[in-house]
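For the sequence shown, position 308 (counting from the first letter as 1) is numbered 618 according to our numbering, and the numbering increases by one without interruption. Even for Gly, the Cβ is constructed at its ideal location relative to N, Cα and C. One structure is given below, encoded as structure tokens.
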Amino acid sequence: MKVLHWYPNFLGGGGVANAVLGLARAQAEVGAEVAIASAEVEGAPLYQDMKQSLGNVRLFRWLPEWSLRAGRLVWRKIPKDAAGAIKEFKPDIVHVHGEFNPDNWYVPRIFDVPIVLSPHGAFHPVALRKSKSFQKNVYIVLAKRFLYRHVSLFHALCPAEAEHIGRALNVRNIYTLPQGPSVRVLSAIKEHMIYGDDHDEVRFLFVGRLDIYTKGLDILIEAFAEVLQRLNGEARLVLVGPDQGGSLERLRDMALEAGCAERVDFVGAVAGEKVAEFMSKSDVYVHLSRHDGLALSIAEALCLGKPVILSNRVGIVSYPEITSLPHVKVIPPEKEAAVQAMVDFARQIGELRVVGMSCREDIQRFFDWKRIAEEHLTTYENCIKGA
Numbered sequence: 311m312k313v314l315h316w317y318p319n320f321l322g323g324g325g326v327a328n329a330v331l332g333l334a335r336a337q338a339e340v341g342a343e344v345a346i347a348s349a350e351v352e353g354a355p356l357y358q359d360m361k362q363s364l365g366n367v368r369l370f371r372w373l374p375e376w377s378l379r380a381g382r383l384v385w386r387k388i389p390k391d392a393a394g395a396i397k398e399f400k401p402d403i404v405h406v407h408g409e410f411n412p413d414n415w416y417v418p419r420i421f422d423v424p425i426v427l428s429p430h431g432a433f434h435p436v437a438l439r440k441s442k443s444f445q446k447n448v449y450i451v452l453a454k455r456f457l458y459r460h461v462s463l464f465h466a467l468c469p470a471e472a473e474h475i476g477r478a479l480n481v482r483n484i485y486t487l488p489q490g491p492s493v494r495v496l497s498a499i500k501e502h503m504i505y506g507d508d509h510d511e512v513r514f515l516f517v518g519r520l521d522i523y524t525k526g527l528d529i530l531i532e533a534f535a536e537v538l539q540r541l542n543g544e545a546r547l548v549l550v551g552p553d554q555g556g557s558l559e560r561l562r563d564m565a566l567e568a569g570c571a572e573r574v575d576f577v578g579a580v581a582g583e584k585v586a587e588f589m590s591k592s593d594v595y596v597h598l599s600r601h602d603g604l605a606l607s608i609a610e611a612l613c614l615g616k617p618v619i620l621s622n623r624v625g626i627v628s629y630p631e632i633t634s635l636p637h638v639k640v641i642p643p644e645k646e647a648a649v650q651a652m653v654d655f656a657r658q659i660g661e662l663r664v665v666g667m668s669c670r671e672d673i674q675r676f677f678d679w680k681r682i683a684e685e686h687l688t689t690y691e692n693c694i695k696g697a
């Protein structure tokens, strides 16, 4: 089977790009012929160069003839020769990733094959309401004509996202499969045998872009300041991820005002190998997003057997396989709940480490890219037969 993954922002890096890379590589490893189509992007990619880890996956790159921008929406003109070269790949199915991207509208015009669309959390109700809601509503109206009516199947990363897609687009042709962790993070751990180190303080970790509102980082900073007092200063908070619109400076000010600045480390954007190192040396992973899908960093922490505190607004908690784990605590994204959970986990850290490590094999099977890739391919096959 020939599979084309269409993600025009792939070369820019980031969470979705790494998820596309993980799925594409796994599908190639189980026997499919796989390619990724992406526009060329300006500036350096987020985290690291996406071209360096393609393995047996082919990459089609196209340089836009021109671009039109309306707020955060960007439409890039794909040259005819580039579209022709991608079409010559003759995929059996095209899997589109990410939404609110007019570049996706090219797919039904270029290919006459079944289309699968993974929005990657784009239709979360909070995401639709919080910013550019009018613009997003206009996009959906247009996309129903230019894209959605051509989509054979919508792919949701978790049961919660399946509900969000169905509600936003009034569709039922949805299937659900998780995504695995970043292949670079896991390969670094396996290659260098990174399992942590000895330290007296309890280390709390967050990995992701420093979007204060979406990721609930204001809640995390305020909660950590109180946790620090209740643990007699024997704790540290590490935030790994890129600045977003000046958020780093605002977060530093928040930590200073809360009185915990000396115990908060802002690492910035780092490559997968360094993420693995920080992840391995942490004690508790904390993710307090006000809305989120299935973050790669959560999967990575769980695959490492780390105790995890999660907001109930994160899509991954809609999997009972995750919420039933004894070392996973689900809370509302609120300061008081976060303080209590973090203090409780700090005081039970020895027991939670043992429990987390005992669950690793089951978790790794759940997030195994090979299993996920094979189930996607089976779904593709059924979709092609139906078409």
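Original post:
Hey, would you say Pro-469 sits closer than 8 Å to Tyr-629, going by beta carbons?
Top reply: A contact, by the Cβ cut-off of 8 Å.
Would you mind working out which of Ala-336, Val-493, Ala-466 sits nearest Tyr-485, comparing C-alpha positions? Ala-466
Original post:
What three-state label does DSSP hand Tyr-690 in the structure shown?
Top reply: If DSSP states are grouped into helix, strand and coil, Tyr-690 belongs with the helices.
field: Test item: CB-CB of Ala-648 and Ala-533 under 8 Å
entry: yes
Could you spell out the range, first to last residue, of the alpha helix (DSSP H) harbouring His-474? 469 to 479
Review point. Alpha carbon to alpha carbon, what distance is there between His-407 and Met-311?
Key: Taking the straight line from one Cα to the other gives about 19 Å.
- request: Specify the secondary structure class of Leu-373 as computed by DSSP and reduced to three states.
  value: coil
Q. Using DSSP with H/G/I as helix, E/B as strand and the rest coil, what is His-601?
A. coil
Backbone secondary structure at Glu-343 - three-state DSSP:
strand
Which residues in the same chain as Val-451 place their Cβ atom closer than 7 Å to its Cβ, once the five residues preceding and following it in sequence are excluded?
Non-local beta-carbon contacts of Val-451 in its own chain, meaning distances under 7 Å to residues more than five positions away in sequence, are absent.
query: For the beta strand (DSSP E) that Leu-547 lies in, which residues bound it at each end?
result: It spans 545 to 550 - the beta strand (DSSP E) in which Leu-547 sits, taken as one unbroken run.
Give me the residue from Lys-616, Asp-563, Asp-678, Val-340 with the minimum Cα distance to Glu-522. Sequence inspection shows Ile at residue 522; the Glu mentioned does not correspond to that position. With distances taken between Cα atoms, Ile-522 lies closest to Asp-563.
Margin query: DSSP three-state label for Lys-312, please.
Written below: Reduced to three states, the DSSP call for Lys-312 is strand.
Exercise. According to DSSP, what are the bridge partners of Ala-349?
Worked result: Trp-372
CB-CB under 6 Å to Trp-415, same chain, minus the five flanking residues each way: which ones, in chain order? The answer, listed in chain order, is Phe-456, Leu-457.
| request: Could you round the C-beta distance between Val-351 and Asn-328 to whole angstroms and report it? I think they count as a contact, below 8 Å. | output: With 8 Å as the limit, Val-351 and Asn-328 do not qualify as a contact, their Cβ atoms being about 15 Å apart.
Does DSSP classify Thr-633 as helix, strand or coil? Note: Thr-633 maps to helix in three-state DSSP.
Exercise for the section: Buried or exposed for Val-448, please, with buried defined as at least 16 other CB atoms from any protein chain shown within 10 angstroms of its CB. Expected result: Residue environment: Val-448 is assigned as exposed (fewer than 16 neighbouring CB atoms within 10 Å of its CB, all protein chains considered).
**Asked** Do Gly-381 and Gln-445 come within 8 Å of each other at the CB atom, strictly closer than that value?
**Response** yes
- Query: How many Å lie between Gly-389 and Ala-395 at the Cα?
  - Reply: Sequence inspection shows Pro at residue 389; the Gly mentioned does not correspond to that position. Roughly 10 Å separates the two Cα atoms.
Confirm, please, whether the CB-CB distance from Leu-515 to Gly-288 is below 8 Å.
Not covered by the structure: residue 288. The range shown for the chain is 311 to 697.
> The beta strand (DSSP E) spanning Arg-513 covers which residue range?
Replying inline: 512 to 517
Establish whether the CB of Asp-521 and some CB of chain D are separated by less than 8 Å. No chain D is present in this structure, which holds just one protein chain.
**OP:** On a CA-only basis, which of Ile-641, His-601, Ala-656 is nearest Leu-438? Give me that one, please.
**Re:** His-601
Count the C-beta pairs between the region 636 to 645 and the region 659 to 675 that are closer than 8 Å, then say yes if the count reaches three, no if not. Three or more beta-carbon pairs separated by less than 8 Å link the region 636 to 645 to the region 659 to 675, which places the two stretches in contact.
Any chance the region 553 to 562 sits against the region 573 to 590, with 3 or more Cβ pairs inside 8 Å? yes
Range covered by the beta strand (DSSP E) that runs through Arg-386: 383 to 386
ask   = Is the distance from the Cβ of Leu-369 to the Cβ of Lys-361 below 8 Å?
value = yes
Among Ala-579, Ala-656, Leu-687, Ile-531, which one has its Cα closest to the Cα of Gly-325?
Ala-579
What three-state label does DSSP hand Tyr-595 in the structure shown? strand
In three-state terms, what does DSSP make of Ala-466? strand
Practice task
Below 8 Å on the Cβ atoms is my guess for Ile-619 versus Phe-588; work out the distance and round it to an integer in Å.
Solution key: The Cβ separation is near 17 Å, so there is no contact.
* To do: Whole angstroms is fine: what's the gap from Lys-440's alpha carbon to Leu-383's?
  => 16 Å
**Study point:** Where the beta strand (DSSP E) through Ala-428 begins and ends
**Key:** The sequence shown places Ser at residue 428, not Ala. Counting along the chain, the beta strand (DSSP E) containing Ser-428 begins and ends at 425 to 428.
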